[in-house]
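Protein sequences, first through last, are from chains G and R.
Using full-length UniProt numbering, the letters of the first sequence correspond one by one to residues 1 to 164.
Using full-length UniProt numbering, the letters of the second sequence correspond one by one to residues 1 to 428.
Here the structure comes first, spelled out in structure tokens, and everything after it is commentary.
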Amino acid sequence: MSTHRVWVYGDHVNTDVIFPGKFTYTLKDPQAMADVALQDLDPTFASEVQEGDVIVAGRNWGCGSSREQAVTALKYNGIRIIIAESFGGLYFRNCINQGVHPIVCPGLVAHLQTGDTIEIDLEENAIIAGNTVYRIPSLSSTVQAILQAGGLVPMLQRRTGRLA
Amino acid sequence: MSGLTFVEKALARAAGVAEAHAGDVLDVTPDLIFSHDNSAAIRRIFLETGFERIARPDRIAITLDHAAPAPTTQHAQNHAEIRAWVREQSIAHFFEVGRGICHQVISEEALILPGEVILGADSHSTHFGWLGAFGMGVGRTEMAALWATGQLWLQVPESMRITLTGQFQPGVTTKDLALYILGRWGADGGQYRALEFTGDAIRTLSLDQRASLPNMMAEFGAMSAYMHPDQAIFDYLASNQQRDYTPLYPDDDAIYSDDHTIDLSSLEPQIALPHNPDNVVTLSEVLGRPVQQAFIGTCTNGRYEDLAAAAEVLRGQHVVVRTIIIPASRDVLLRATETGVLQTLIEAGATINTPGCGPCMGNHLGIPAPEEATISTGNRNFRGRMGTRESDIYLANPAVVAASAITGQITAPQTILNNNANLQGASL
Chain G
1 MSTHRVWVYG
11 DHVNTDVIFP
21 GKFTYTLKDP
31 QAMADVALQD
41 LDPTFASEVQ
51 EGDVIVAGRN
61 WGCGSSREQA
71 VTALKYNGIR
81 IIIAESFGGL
91 YFRNCINQGV
101 HPIVCPGLVA
111 HLQTGDTIEI
121 DLEENAIIAG
131 NTVYRIPSLS
141 STVQAILQAG
151 GLVPMLQRRT
161 GRLA
Chain R
1 MSGLTFVEKA
11 LARAAGVAEA
21 HAGDVLDVTP
31 DLIFSHDNSA
41 AIRRIFLETG
51 FERIARPDRI
61 AITLDHAAPA
71 PTTQHAQNHA
81 EIRAWVREQS
91 IAHFFEVGRG
101 ICHQVISEEA
111 LILPGEVILG
121 ADSHSTHFGW
131 LGAFGMGVGR
141 TEMAALWATG
151 QLWLQVPESM
161 RITLTGQFQP
171 GVTTKDLALY
181 ILGRWGADGG
191 QYRALEFTGD
201 AIRTLSLDQR
211 ASLPNMMAEF
221 GAMSAYMHPD
231 QAIFDYLASN
241 QQRDYTPLYP
251 DDDAIYSDDH
261 TIDLSSLEPQ
271 IALPHNPDNV
281 VTLSEVLGRP
291 VQQAFIGTCT
301 NGRYEDLAAA
311 AEVLRGQHVV
321 VRTIIIPASR
331 DVLLRATETG
341 VLQTLIEAGA
351 TINTPGCGPC
361 MGNHLGIPAP
371 EEATISTGNR
381 NFRGRMGTRE
391 SDIYLANPAV
401 VAASAITGQI
411 TAPQTILNNN
421 ANLQGASL
């Protein structure tokens, strides 16, 4: 069980507002990517987000481009878990492959505001917000293995001996 | 036992298993993988893994298209890094600045074939469904993993079938169909699903018309967007194809999560309003709204017939707002040169740029000023997409964009075409 402060966003938040395309070939350093995260949607985010905060969004979070920086930019702002009613398919995969845990949880977003706190119990597949417990689906064993490794790169590093 | 969808067959074949069903997780070996200007970033992730050599350089394509020619020194350095990597790793299919947009070039070069699987580091890789292939976009880390091992994990999706009947009215295109689908079922209507387009209407569509539809289904959330391939597709590929193939078709008794039919004859021209591609209304509802820029191009609508449709509207006319035309490939540009389409466009006051993605993702060649509205044949109108947050983007078919360029406001092409016909009648 862990406790997290939440940042709440709506439906169809696309990769262009999470990480604008104009930066895509000019920003190489993950921290520089983190500094522009969500700037076209919520200019307060990058300056005020804290390690361990969680995003709680509506439908289709991360729709649009295959642009992985839209995950990297949040990861290097300390986001390890993103909860949404549903995800853009490519974004969902990009999260897993970067070791950021995507959680599909219909109904949660409607009862939260930015700054609220929630509790997440991954062992029991539950999210607790106020007095309500939300059940969340378990992930396939393949996906769990990638997340536990910390993403695809650490998995490959094990194969090449870079990681024990 | 029920039958199998296209995606179940294609992914089973690519994974080397006898049979696969929606929900299965497979290690898939694609027939081709590709990336573009993002290849330098993918290289850095690849090197981080500890792998030194790309697994199958003969099955890799790289195009320079997203910011080409390079608009800044940083972009030029990015391209230089990619060129050096292509040489070092003996990557088989490299396409320089000016050859065109990845999806168009790979199709023209017949690098992917019906029944095959192609994964690209670009969300519009759903495009290759127009050839009867499984095309899907992947992220940079996934492409690095594909370079390293030649394989990637995929979960077989459920499928949604859309049967197309009837024929378009004049002035209605597959761009309008794509926008209609987005408007009707929303930007997440195809989420986590493979689309299958079927029905007799497909045979009535030109090849350029077909290609726009699976491409645009990336905005529908679809994982892939297969279209039944026929002899016209096989003929198109014949002169360039390097290997044999066997097309795949779904079984008649395959199971679909959703099953829809659309009568093409019932559709009017559509337009997407700012700031989402599913914010769609019929064109007639928003005529007269001012625009300051018109853009014809992109992987969705930068093909020859798109330019020709614009030329038909612009012939003998003059644009009153800046009009940017970017052919999807060198081959498109050549054909438009040979047939006089290009001359018509230039005489009407349009400016022609290097084949590539152009301003579609806000890098160069037509970035709007704040408070300016662009009408575009592209696929996305997200806030900030063209580089400026305070800018509106409308999405429409090429004839609508051309007509709007003449008047400076959203205009139905029929208004211009009728006027052209009257003028010609008067001069006789």
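Glycine included, each C-beta is placed from N, C-alpha and C at the ideal position.
Just so we're clear, the structure is a prediction, and the values are computed from it rather than from any experiment.
query: Between G/S66 and chain R, is any beta-carbon pair separated by less than 8 Å?; result: yes
query: From what residue to what residue does the beta strand (DSSP E) around G/E119 run?; result: 117-121
query: Round the Cβ separation of R/C299 and R/N381 to the nearest angstrom and send it over; I've been treating them as touching at under 8 Å.; result: Rounded, the Cβ-Cβ distance is 15 Å, inconsistent with contact.
query: Compute the Euclidean distance between the alpha carbons of G/P30 and R/W147, then round it to the nearest angstrom.; result: 22 Å
query: Along the chain, where does the beta strand (DSSP E) that runs through R/Y226 open and close?; result: 224-227
query: I want to see whether chain R comes within less than 8 Å of G/C105, judged by CB atoms only; does it?; result: no
query: To the nearest angstrom, how far is it from the Cα of R/A145 to the Cα of R/D244?; result: 27 Å
query: Where does G/Q113 land, buried or exposed, given buried means 16+ other C-beta within 10 angstroms?; result: exposed
query: Quick check on DSSP: helix, strand or coil for G/F19?; result: coil
query: If the cut is a Cβ gap below 7 Å, which residues of chain G does R/F94 touch?; result: In chain order: nothing, as chain G lies at least about 18 Å away.
query: Give the residues of chain R in contact with G/G151, contact being defined as C-beta atoms less than 9 Å apart.; result: T141
query: Can you tell me the Cα-Cα spacing of R/I324 and R/A350, whole angstroms?; result: 6 Å
query: Report the start-end ranges of each beta strand (DSSP E) in the region 358-392 of chain R that is 3 residues or longer and not cut off at the edges.; result: 373-376
query: Alpha carbon to alpha carbon, how far is R/L179 from R/G189?; result: 12 Å
query: Is R/E158 close to chain G, meaning its C-beta is less than 8 Å from at least one C-beta of that chain?; result: no
query: Within the 8 Å Cβ cut-off, does G/R59 reach chain R?; result: yes
query: State the Cα-Cα distance for the pair G/D40 and R/G166, rounded to the nearest angstrom.; result: 42 Å
query: Beta-carbon of R/I393 versus every beta-carbon of chain G: anything under 8 Å?; result: no
query: For R/E48, decide whether its Cβ has a neighbour in chain G, counting only Cβ atoms nearer than 8 Å.; result: yes
query: Verify the CB distance criterion: does R/A187 have a CB-CB separation below 8 Å to chain G?; result: yes
query: Could you give the residue range of the beta strand (DSSP E) that holds R/I82?; result: Note, R/I82: premise wrong, no beta strand (DSSP E); alpha helix (DSSP H) at 73-89.
query: Taking a cut of 7 Å between CB atoms, which residues from the region 66-95 of chain G lie near chain R?; result: S66, E68, S86, G88, G89, L90, R93, N94
query: Mind pulling the chain R residues with CB within less than 9 Å of G/P30?; result: Going along chain R, no residue has its Cβ under 9 Å from G/P30, so there is no contact; the nearest lies around 11 Å.
query: Which chain R residues are close to G/H12, counting only those with a beta carbon under 7 Å from its beta carbon?; result: A187, N276
query: Could you check if R/L428 is buried or exposed, using at least 16 other CB atoms within 10 Å of its CB as the buried criterion?; result: Because the pLDDT at R/L428 is just 45, under 50, the model does not fix this residue reliably, and the point stays unresolved.
query: Between the region 103-122 of chain G and the region 207-226 of chain R, do at least 3 Cβ pairs fall closer than 8 Å?; result: no
query: Using a Cβ cut-off of 8 Å (strictly closer), state whether G/Y9 contacts chain R.; result: no
query: Check G/C63 in the structure and name its three-state DSSP category.; result: strand
query: With a threshold of 7 Å on Cβ separation, who are the neighbours of R/R335 within its own chain once the five nearest residues in sequence on each side are excluded?; result: Y304
query: Using the C-alpha atoms, what's the distance from G/V133 back to G/E124?; result: 11 Å
query: In its own chain, which residues sit with a C-beta less than 8 Å from the C-beta of G/W7, not counting the 5 before and 5 after it?; result: D42, F45, V49, D53, V54, I55, V56, T114
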